[in-house]
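To keep things clear, I will list the structure first and then write my remarks on it.
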Amino acid sequence: MQPRLFPGDEQPAPPTPAAISTEVLNPAQYAAVTHGSGPLLVIAGAGSGKTRTLVFRMAHLLEQDVPPESILLLTFTRRAAQEMLWRAGQLTGQSCRRVMGGTFHATANILLRQYGHHLGLGSGFTIIDRGDAEGIINLLKSSLGMSGAGKRFPSKRVVLNLISGAINKATTIDDLVFRESIHLAEFIQDFHTISDHYRQFKRDHGLLDYDDLLVFWRQLLAESDRAREELSSRFQHILVDEYQDTNQLQAEIVRLLASHHGNVMAVGDDAQSIYSFRGADFHNIMRFADQFPGTRIVKLEENYRSTQPILQLTNAIIANAEQKYAKTLFTSTEGGSRPLLVAAANEAAEARYVADVIEERRRAGVALDEIAVLFRSGFHSFKLEIELASRGLEFDKRGGLKLTESAHIKDLLAFFRVLINPWDNLSWNRILLQLEKVGPKTVQKILAAIRDADDPLAALAAYRPAPGWKAQFERLTDTLRRLGLPDQAPADQFDLVMTYYEPVFEKMYYDDYPRRRKELDQVRVLISGYGDLQAFVDDTALDPPDVGAADALGGEDEQRLILSTIHSAKGLEWDTVLVIGLADGRFPHQNAQPGEQYEEERRLLYVAATRAKRELYLTYPKELVTPDRQHLRCAMSPFLREISPGLYNRVERAGAITQPLTSDYPIDLPPPKPRTSVPTAPGEYAEGMRVSHAFFGLGRVASLPGPRRVEVVFDRHGSKILHLDYARLEIVG
DNA sequence: AGAACTATGTTTTTT
DNA sequence: ACATAGTTCT
Numbered sequence: 054m055q056p057r058l059f060p061g062d063e064q065p066a067p068p069t070p071a072a073i074s075t076e077v078l079n080p081a082q083y084a085a086v087t088h089g090s091g092p093l094l095v096i097a098g099a100g101s102g103k104t105r106t107l108v109f110r111m112a113h114l115l116e117q118d119v120p121p122e123s124i125l126l127l128t129f130t131r132r133a134a135q136e137m138l139w140r141a142g143q144l145t146g147q148s149c150r151r152v153m154g155g156t157f158h159a160t161a162n163i164l165l166r167q168y169g170h171h172l173g174l175g176s177g178f179t180i181i182d183r184g185d186a187e188g189i190i191n192l193l194k195s196s197l198g199m200s201g202a203g204k205r206f207p208s209k210r211v212v213l214n215l216i217s218g219a220i221n222k223a224t225t226i227d228d229l230v231f232r233e234s235i236h237l238a239e240f241i242q243d244f245h246t247i248s249d250h251y252r253q254f255k256r257d258h259g260l261l262d263y264d265d266l267l268v269f270w271r272q273l274l275a276e277s278d279r280a281r282e283e284l285s286s287r288f289q290h291i292l293v294d295e296y297q298d299t300n301q302l303q304a305e306i307v308r309l310l311a312s313h314h315g316n317v318m319a320v321g322d323d324a325q326s327i328y329s330f331r332g333a334d335f336h337n338i339m340r341f342a343d344q345f346p347g348t349r350i351v352k353l354e355e356n357y358r359s360t361q362p363i364l365q366l367t368n369a370i371i372a373n374a375e376q377k378y379a380k381t382l383f384t385s386t387e388g389g390s391r392p393l394l395v396a397a398a399n400e401a402a403e404a405r406y407v408a409d410v411i412e413e414r415r416r417a418g419v420a421l422d423e424i425a426v427l428f429r430s431g432f433h434s435f436k437l438e439i440e441l442a443s444r445g446l447e448f449d450k451r452g453g454l455k456l457t458e459s460a461h462i463k464d465l466l467a468f469f470r471v472l473i474n475p476w477d478n479l480s481w482n483r484i485l486l487q488l489e490k491v492g493p494k495t496v497q498k499i500l501a502a503i504r505d506a507d508d509p510l511a512a513l514a515a516y517r518p519a520p521g522w523k524a525q526f527e528r529l530t531d532t533l534r535r536l537g538l539p540d541q542a543p544a545d546q547f548d549l550v551m552t553y554y555e556p557v558f559e560k561m562y563y564d565d566y567p568r569r570r571k572e573l574d575q576v577r578v579l580i581s582g583y584g585d586l587q588a589f590v591d592d593t594a595l596d597p598p599d600v601g602a603a604d605a606l607g608g609e610d611e612q613r614l615i616l617s618t619i620h621s622a623k624g625l626e627w628d629t630v631l632v633i634g635l636a637d638g639r640f641p642h643q644n645a646q647p648g649e650q651y652e653e654e655r656r657l658l659y660v661a662a663t664r665a666k667r668e669l670y671l672t673y674p675k676e677l678v679t680p681d682r683q684h685l686r687c688a689m690s691p692f693l694r695e696i697s698p699g700l701y702n703r704v705e706r707a708g709a710i711t712q713p714l715t716s717d718y719p720i721d722l723p724p725p726k727p728r729t730s731v732p733t734a735p736g737e738y739a740e741g742m743r744v745s746h747a748f749f750g751l752g753r754v755a756s757l758p759g760p761r762r763v764e765v766v767f768d769r770h771g772s773k774i775l776h777l778d779y780a781r782l783e784i785v786g
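For this note's numbering, count along the first sequence from 1 and bump the result up by 53.
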């Protein structure tokens with residue numbers, strides 16, 4: 054198989070092809086990051102051009118006639134790799150086609166398909182992502198004989214954690230126990246049962262999750278001497294971006310890859326580590342020098358992105374961090390206005406204010422795609438999305454739901470996945486469930502019949518359907534037979550699937566199939582860019598396109614406002630940035646526990662604020678509506694409260710309110726329901742108090758383990774940790 | 001019994 | 001928008 058690369062020049066130019074300037078480094082720094090060999094660590098603050106140092110290094114190597122195929126570039130997103138390769142190409146005038154560049158996971162995928170035989174790992178595997186959780190749960194439940202029974206296990210959250218690899222974190226079990234409100238001992242036992250089954254399940258069906266890709270890659274390097282020799286002589290130069298976001302496995306892979314020659318350059322900023330929930334460990338960056346003796350360290354502290362007032366505020370945010378590499382960013386950029394801190398009456402007022410600012414900035418001549426609105430969680434922008442839509446402002450939303458996570462896209466992908474890997478029961482499950490009159494039980498029977506066949510497709514064709522669904526079943530097997538014929542372009546296979554799937558689909562999603570149909574058309578555009586299905590299926594799991602991006606791909610690429618979660622905004626910058634929802638309880642996230650989690654939330658705010666080049670707005674609503682329609686007052690985020698008010702200008706009650714406030718409260722709203730529980734300030738519960746729970750019965754409060762949580766020892770059900778936002782708890786006497 | 005339908009509840013962040 | 005629980009239909 055031809056190695057599949059991530060060439061910069063096969064892709065369209067990045068959206069902001071601004072000429073790359075070497076001025077961000079002084080001559081000494083430039084020499085330090087480009088010349089010489091051996092391990093090199095660049096510790097750099099936000100906006101200091103750290104990614105550019107990697108581009109310079111790569112360009113320098115190419116100019117020294119280092120063969121491009123001996124360079125391996127590892128980045129956090131594929132987009133970042135593409136942009137860096139493109140820029141290095143611009144600098145050198147050379148093609149960077151043959152540089153291997155991409156995320157750890159995508160690179161692992163390529164290498165495992167090339168070298169997998171060293172591990173006895175065939176190339177017939179499918180990569181699963183969190184969109185597969187639902188199917189995995191169903192199949193696990195039936196294999197555990199739990200179908201219908203307990204709703205608790207395997208819960209989606211547990212399976213999501215298993216898939217995304219966060220399971221490597223020691224804290225995971227504690228974290229899950231909190232959320233599931235379950236007794237620890239039972240939970241751990243069930244948890245181990247589930248993870249054992251999950252492992253076996255993946256093995257049986259040729260599925261690899263995110264962690265497996267890295268585990269196998271490390272295994273390849275650690276256990277096969279020949280593979281390690283081959284790989285480390287193939288890649289003489291390793292370049293790693295965003296090193297603070299690597300996990301243990303990734304750090305180990307870098308170490309093994311570079312163990313022969315030590316030519317590794319890593320770049321990162323410990324203050325921007327925001328992925329520990331996924332297993333990232335910013336201590337990796339601190340340990341780098343120990344792992345690679347003779348490491349040269351370069352510190353970049355000058356910020357070229359933001360104006361002085363913005364920088365002063367961001368420095369203040371991070372100054373309160375408990376643990377950090379001491380680093381104070383400075384800029385020689387003069388002028389700039391102070392960031393604005395805006396308190397709005399409620400979420401609707403906040404949304405109106407934000408939309409007003411956007412319109413005003415546009416009138417001032419700022420391009421729409423130079424403005425971004427950032428927030429902690431995907432749903433925090435819902436109100437704003439409505440407001441923007443009503444004003445006719447188009448936007449791209451990043452983060453939140455991915456295109457490949459919607460049900461109809463998953464359905465479609467399932468067909469391609471069984472073509473590539475006919476033992477992928479997860480996808481069979483999805484396809485067969487689409488048949489009318491066929492439910493989970495019948496699917497189990499069919500799967501049992503084809504599971505051990507050498508040719509599952511033939512076995513399926515030979516299956517005897519019940520009369521009720523015979524006709525549709527035969528259409529299915531016929532479609533599958535024609536899909537398997539050789540020499541078809543992916544786009545043709547797409548059309549073939551659609552002739553079968555379209556009627557099914559229109560029936561299943563009768564209420565909104567035109568909208569979904571549009572998204573399927575976008576998938577056709579995506580798929581026609583691929584030479585083979587394998588590549589397409591891998592890419593959708595490793596780097597799922599988001600809805601907005603696919604939209605832009607299908608239509609005209611006009612400038613659009615960006616709405617993004619802070620996590621998805623990493624590494625990007627805009628002229629004007631508005632960070633919304635900075636209210637206590639929203640930011641930091643209410644589940645964030647004191648200590649490391651809380652500190653990560655602080656770094657998250659730091660990342661958000663440092664995205665701004667010239668204008669920064671921080672907004673929060675003074676009132677939030679709870680799920681049961683109660684209006685709760687809320688304060689500003691504690692991260693903002695601890696900052697000296699001299700660093701920002703304050704706007705009380707946002708600008709032009711275009712509608713009377715009452716419009717936020719529909720008049721026909723029923724009065725708030727009296728709650729059966731006593732939802733309360735945590736302070737109301739105290740140790741020793743007698744309480745009653747709708748399901749668990751009577752018990753006694755044993756402790757208050759965290760905000761909004763109580764541990765109760767129930768007379769009949771033992772000890773439980775309950776979350777007061779959900780639990781229906783009443784104080785008795 | 002199993003499939004299909006209806007009502008209700010929930011949603012951190014993601015390669 | 002989706003998952004789940006409970007209910008009704010075949």
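Quick reminder that beta carbons are idealized off the backbone N, C-alpha and C, glycines included.
When burial is assigned at 16 or more other CB atoms within 10 Å of the CB, is residue i buried or exposed?
i: Arg686; result: exposed
i: Asn162; result: buried
i: Thr552; result: exposed
i: Asn373; result: exposed
i: Gln253; result: exposed
i: Lys209; result: exposed
i: Asn702; result: exposed
i: Ala859; result: Since the displayed the chain opens at 54 and closes at 786, residue 859 lies outside it and no answer follows.
i: Ile338; result: buried
i: Val766; result: exposed
i: Glu354; result: exposed
i: Ala519; result: exposed
i: Glu653; result: buried
i: Gln365; result: buried
i: Ala461; result: The sequence shown places His at residue 461, not Ala. The residue in question, His461, is buried, as its Cβ has 16 or more Cβ neighbours within 10 Å.
i: Phe244; result: buried
Using C-beta distances below 6 angstroms, list every residue in its chain close to residue i, excluding the 5 sequence neighbours before and after it, in chain order.
i: Ile189; result: Val212
i: Ala404; result: Lys436, Leu437, Glu440
i: Glu423; result: Trp627, Asp628
i: Pro724; result: Only weak support is given to the placement of Pro724: the predicted model assigns it a pLDDT of 29, under 50, and the question is left unresolved by the model.
i: Asp182; result: Ala594
i: Pro692; result: Here residue 692 turns out to be Phe, not Pro, going by the sequence shown. Arg655, Leu658, listed in sequence order.
Checking the sheet assignment: what are the DSSP bridge partners for residue i?
i: Val351; result: Val95
i: Arg753; result: Arg743, Val766
i: Phe428; result: Thr618
i: Tyr673; result: Ala396
i: Met153; result: Leu125
i: Thr629; result: Ile424, Glu668
i: His258; result: The partner list for His258 (beta bridge, DSSP) is empty, contrary to what the question assumes.
Skipping 5 residues on each side, what residues in its chain have a beta carbon closer than 8 angstroms to that of residue i?
i: Leu536; result: Phe468, Leu472, Gln546, Leu549, Val550
i: Leu164; result: Trp270, Leu273, Leu284
i: Thr367; result: Ala99, Ser359, Leu382, Tyr659, Ala662, Thr663
Is residue i a contact residue of the ligand NAD, with contact defined as CB to any heavy atom under 7 angstroms?
i: Gly315; result: Inclusion of the ligand NAD in the displayed structure is not the case, the ligand content being empty and no account of it being possible.
Give every residue of the same chain whose Cβ lies closer than 7 angstroms to the Cβ of residue i, excluding the five residues on either side of it in the sequence, and list them in chain order.
i: Gln278; result: According to the sequence provided, residue 278 is Asp. The question's Gln does not apply to it. For Asp278, where only same-chain residues beyond five positions count, there are no Cβ hits under 7 angstroms.
i: Asn191; result: Asn482, Pro493
Original post:
Whole alpha helix (DSSP H) runs in the segment 430-479 with 4 or more residues, listed along the chain?
Top reply: If one requires a minimum length of 4 residues, the alpha helix (DSSP H) runs lying completely within the segment 430-479 are 435-443, 460-473, in chain order.
**OP:** Give a yes or no on contact between the segment 310-324 and the segment 344-355, applying the rule of three or more CB pairs nearer than 8 angstroms.
**Re:** yes
Subject >> the segment 636-645 in contact with the segment 439-450 per 3-pair CB rule at 8 angstroms >> reply: no
Original post:
How about the segment 89-105 and the segment 114-121: do they share at least three Cβ pairs that are nearer than 8 angstroms?
Top reply: no
Original post:
Taking the runs of the alpha helix (DSSP H) that are 4 residues or longer, which of them lie wholly in the segment 310-370?
Top reply: Whole alpha helix (DSSP H) segments, 4+ residues: 336-344.
**OP:** Run through the segment 94-139 for me and flag every whole beta strand (DSSP E) of 3 or more residues, listed as ranges in chain order.
**Re:** 124-128
Original post:
Below 8 angstroms, can you find three or more Cβ-Cβ pairs linking the segment 415-434 to the segment 619-627?
Top reply: The way I'd put it, the segment 415-434 does touch the segment 619-627; three or more beta-carbon pairs between them come closer than 8 angstroms.
Subject >> Sequence ranges, alpha helix (DSSP H) only - wholly within the segment 478-550, length at least 4 >> reply: Uninterrupted alpha helix (DSSP H) stretches at least 4 residues long and entirely within the segment 478-550 occur at 478-486, 493-503, 509-515, 523-536, given in chain order.
Original post:
For the 8 angstroms Cβ check, are there 3 or more pairs between the segment 575-583 and the segment 408-420?
Top reply: Taking a cut-off of 8 angstroms for Cβ pairs, the segment 575-583 and the segment 408-420 do not touch, as fewer than three such pairs fall below it.
Original post:
Should the segment 281-296 be called in touch with the segment 245-262, which here means at least 3 C-beta pairs below 8 angstroms?
Top reply: Output reads no: the segment 245-262 does not touch the segment 281-296.
Subject >> Inter-stretch contact (C-beta, 8 angstroms, three-pair minimum) for the segment 134-144 and the segment 164-173 >> reply: no
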